[in-house]
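>
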Amino acid sequence: MIWAITNVLLSENHSVVSVNSGEEALEKVEKVPVDLVLLDFRLPGMDGVQILEKIKQIRPELPVIMVTGYGGVEEAVQSIKLGAAHYIPKPFDNDHLIETVNKSLNVTRFKKEGIFEKRLMEKIVPDKSDHGKDVQPRIVRQPRPPGKGSFAAVLSSLGVLAALGAGTFWYLSPAVREYAVSAASVSGISWGNDRVWVSDWLSENIQTYQLRDSKMEFGAKFKLKGFHVTGLARGGEFLYTCDSWKKKIYKHDLDTSLTVLASYDSPGPNPSGLYYDDNYLWSCDGTTRMIYRHSLDADLTVVESFPSQGVFPVGLYHDDRDFWSASAVEKKVYTNLMDQRFAGGRTFSLPETLDVPQQISAFTVRNGTAWIAFEGVGKLYRVSLSRLKETPP
333 MIWAITNVLL SENHSVVSVN SGEEALEKVE KVPVDLVLLD FRLPGMDGVQ ILEKIKQIRP
393 ELPVIMVTGY GGVEEAVQSI KLGAAHYIPK PFDNDHLIET VNKSLNVTRF KKEGIFEKRL
453 MEKIVPDKSD HGKDVQPRIV RQPRPPGKGS FAAVLSSLGV LAALGAGTFW YLSPAVREYA
513 VSAASVSGIS WGNDRVWVSD WLSENIQTYQ LRDSKMEFGA KFKLKGFHVT GLARGGEFLY
573 TCDSWKKKIY KHDLDTSLTV LASYDSPGPN PSGLYYDDNY LWSCDGTTRM IYRHSLDADL
633 TVVESFPSQG VFPVGLYHDD RDFWSASAVE KKVYTNLMDQ RFAGGRTFSL PETLDVPQQI
693 SAFTVRNGTA WIAFEGVGKL YRVSLSRLKE TPP
């Protein structure tokens, strides 16, 4: 059941995350900036009504679409009274699901952008004719590609799956999200203590932001006169930066001036990115096309080096299995296996919806999403790793 709905929503460029219990759903609502919840009315244990009430206590503005049983008029009325944005009776087809989801997301966007009243009247609310007669709502729909059949027969079994606890919630957000920042020439992105650190090599400064309610809230700006930061990494009690003009890596205190505590010669002539993993500092070089692992000793000694798959690497990250890097020139993302000394490389292209002509200038990964910046574009782009498309090397 879940795969069917997931595939339908993915075809509309939404990202989808499913959970298997009401408790997990409420935890996601509290911690993840989701944009919409699709919730079955009948659930074992904590039912849909109870969960809807709790969601509205946590995030009153979050749209919730309730899935009701066949002919469930009373259920639908009850859910609307409790704050649901819409309801969908089972069984339903793809177009109905997509239309309801997109309509709810559009209304939320209109409210956030301050144009709700104007656009809502134009696109959603029924008009009145000059004679006061009702006119059908004018909803603009993009033409659907052929071959989109009905899932009515499959969807009719949703209640059974819900009764078995088989993942009843779907959280949706755009496949690519963008966040405006004041840095026009982003050269580094690093997350630390729920804040994102952003370097601007042209303006010679570093800024911090916090993600709140799907927006980047500005925190602070640090002026680093004479520094052209081409990469940064927030690590422990320090901040590390690199400067390709000076061919240096710097260790900064986290005071109001980001005081330089130490400087090190870069292992290559063109340091282009940094990453800190609690045990080592990693750097990459655009000219040598190498990735370096540094010990955190007094000399920041290089203990290992690996060739970069991509031309001019500009961002790094790794988890327990994969090492991630991005190529500025090729605009691709690469992974290598950590336990095989960077063997087993894979190549990924960016989603088609992220169509930015400029080169990638910064890259990192956090919580299963890639954070990407492009040269001369004052935005950070967040892309689910699942939306990256694997391509031949």
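So the mapping is simple: the numbering used here equals the position in the sequence shown, first residue as 1, plus 332. Even for Gly, the Cβ is constructed at its ideal location relative to N, Cα and C.
Closest by CA to lysine 360, which one among Ile420, Ile390, Glu385 and Met378?
The shortest C-alpha separation from lysine 360 is found at Ile390.
> May I ask you to report which of helix, strand or coil DSSP gives methionine 670?
Note: methionine 670 maps to helix in three-state DSSP.
> In terms of DSSP beta bridges, what is glycine 676 paired with?
According to DSSP, glycine 676 bridges with nothing at all.
> Within 10 Å of its beta-carbon, does isoleucine 623 have 16 or more other beta-carbons around it, so buried, or fewer, so exposed?
Isoleucine 623 should be labelled buried.
> Taking all protein chains shown into account, decide if glycine 600 is buried (16 or more other Cβ within 10 angstroms of its Cβ) or exposed.
Glycine 600 should be labelled buried.
> Can you tell me where the alpha helix (DSSP H) with glutamate 359 in it begins and where it stops?
That run of the alpha helix (DSSP H) goes 354 to 363.
> Following the continuous beta strand (DSSP E) through valine 709, name the residue where it begins and the one where it ends.
It is not in any beta strand (DSSP E) - valine 709 carries neither H nor E in the DSSP assignment.
> May I have the straight-line CA-CA distance separating threonine 701 from aspartate 425, to the nearest angstrom?
Their backbone Cα atoms lie some 30 Å apart in a straight line.
> Taking aspartate 671 as the reference, which of Thr679, Asp687, Leu686 and Asp651 has the closest Cα?
The shortest Cα separation from aspartate 671 among Thr679, Asp687, Leu686 and Asp651 belongs to Asp651.
> Mind reading off the beta-carbon distance from valine 561 to serine 519? Whole number of angstroms is fine, and I expect it under 8 Å.
Indeed they touch by this definition, with Cβ atoms about 6 Å apart.
> Please classify threonine 735: does DSSP put it in a helix, a strand, or coil?
Only positions 333 to 725 of the chain appear in this structure, which leaves residue 735 out of reach.
> Taking all protein chains shown into account, do 16 or more other C-beta atoms lie within 10 angstroms of the C-beta of proline 458, making it buried, or fewer, making it exposed?
The pLDDT assigned to proline 458 is 49, lower than 50, so where the model puts this residue is not dependable; a value taken from the coordinates is nonetheless given after this. By the 10 Å Cβ count, proline 458 comes out exposed.
> Is it buried or exposed, alanine 332, if we count other Cβ atoms within 10 angstroms and call 16 or more buried?
This structure gives no information on residue 332, because the portion of the chain shown stretches from 333 to 725.
> Which of helix, strand or coil does DSSP assign to valine 340?
The answer is helix: DSSP assigns valine 340 an H, G or I state.
> Could you give the first and the last residue of the continuous alpha helix (DSSP H) run that contains glutamine 382?
It spans 380 to 390 - the alpha helix (DSSP H) in which glutamine 382 sits, taken as one unbroken run.
> Between isoleucine 383 and valine 513, what straight-line distance do the alpha-carbon atoms span, to the nearest angstrom?
C-alpha separation (whole angstroms): 35 Å.
> What residue range is occupied by the uninterrupted beta strand (DSSP E) comprising arginine 653?
Element bounds for arginine 653: n/a, residue is neither H nor E.
> How should serine 531 be labelled, buried or exposed, when 16 other C-beta atoms within 10 angstroms of its C-beta is the threshold for buried?
So serine 531 counts as buried.
> Please determine if the region 615 to 630 and the region 533 to 547 are in contact, where contact requires at least 3 C-beta pairs separated by less than 8 Å.
The answer is no - the region 533 to 547 does not touch the region 615 to 630, with fewer than three Cβ pairs under 8 Å.
> Please name the residue in Asp654, Ile397, Asn525 and Leu613 whose C-alpha comes closest to that of cysteine 574.
Minimum Cα distance to cysteine 574 is reached at Leu613.
> With DSSP collapsed to three states, give me the class of lysine 480.
Residue placement at lysine 480 cannot be trusted, given a pLDDT of 34 that sits under 50; what the coordinates show is reported in the next sentence. It is coil, neither helix nor strand.
> Under DSSP, the beta strand (DSSP E) around arginine 544 begins and ends at which residues?
Counting along the chain, the beta strand (DSSP E) containing arginine 544 begins and ends at 537 to 544.
> Taking the alpha carbon of leucine 564 as the point to measure from, which residue in Gln539, Asp587 and Lys547 has its own alpha carbon closest?
Nearest option by C-alpha distance: Gln539.
> Classify phenylalanine 550: buried if its beta carbon has 16 or more other beta carbons within 10 angstroms, exposed otherwise.
Counting Cβ neighbours within 10 Å, phenylalanine 550 comes out exposed, since fewer than 16 surround it.
> What residue range does the beta strand (DSSP E) around proline 683 cover?
Taken as a continuous stretch (DSSP letters only), proline 683 belongs to no beta strand (DSSP E), as it is neither H nor E.
> Pull up the CB-CB distance for valine 783 and leucine 371, whole angstroms please, since I reckon it's below 8 Å.
What the structure shows of the chain is the stretch from 333 to 725, and residue 783 is not part of that stretch, so it cannot be assessed.
> In whole angstroms, what separates the C-alpha of glutamate 684 from that of valine 348?
Going from the Cα of glutamate 684 to the Cα of valine 348 covers about 18 Å.
> Give the C-beta separation of glycine 647 and serine 640 to the nearest angstrom, bearing in mind that I take them to be a contact with Cβ-Cβ under 8 Å.
At roughly 11 Å, the Cβ-Cβ gap does not stay under 8 Å, so glycine 647 and serine 640 are not in contact.
> Would you give the residue range spanned by the beta strand (DSSP E) that serine 595 belongs to?
From DSSP, the beta strand (DSSP E) with serine 595 extends over 592 to 597.
> By Cβ distance below 6 Å, which residues in the same chain neighbour arginine 509 in space, the five residues on each side in sequence not counted?
Counting only Cβ-Cβ distances below 6 Å, and skipping sequence neighbours, we find Arg714.
> Check for me: the beta strand (DSSP E) holding leucine 370 runs from which residue to which?
Taken as a continuous stretch (DSSP letters only), the beta strand (DSSP E) holding leucine 370 covers 369 to 372.
> Please confirm whether phenylalanine 638 and phenylalanine 674 have their CB atoms less than 9 Å apart.
Yes; because the gap between Cβ atoms is below 9 Å, this pair is in contact.
> Assign proline 724 to one of two classes, buried (16 or more other C-beta atoms within 10 Å of its C-beta) or exposed (fewer than that).
Exposed.
> Taking the alpha-carbon positions, what's the serine 604 to histidine 346 distance?
Rounded to the nearest angstrom, the two C-alpha atoms are 32 Å apart.
> For glutamate 510, which three-state DSSP category applies?
Strand, per DSSP.
> How would you write the range of the beta strand (DSSP E) that serine 522 sits in, first residue to last?
Where serine 522 is concerned, the enclosing beta strand (DSSP E) stretches over 518 to 524.
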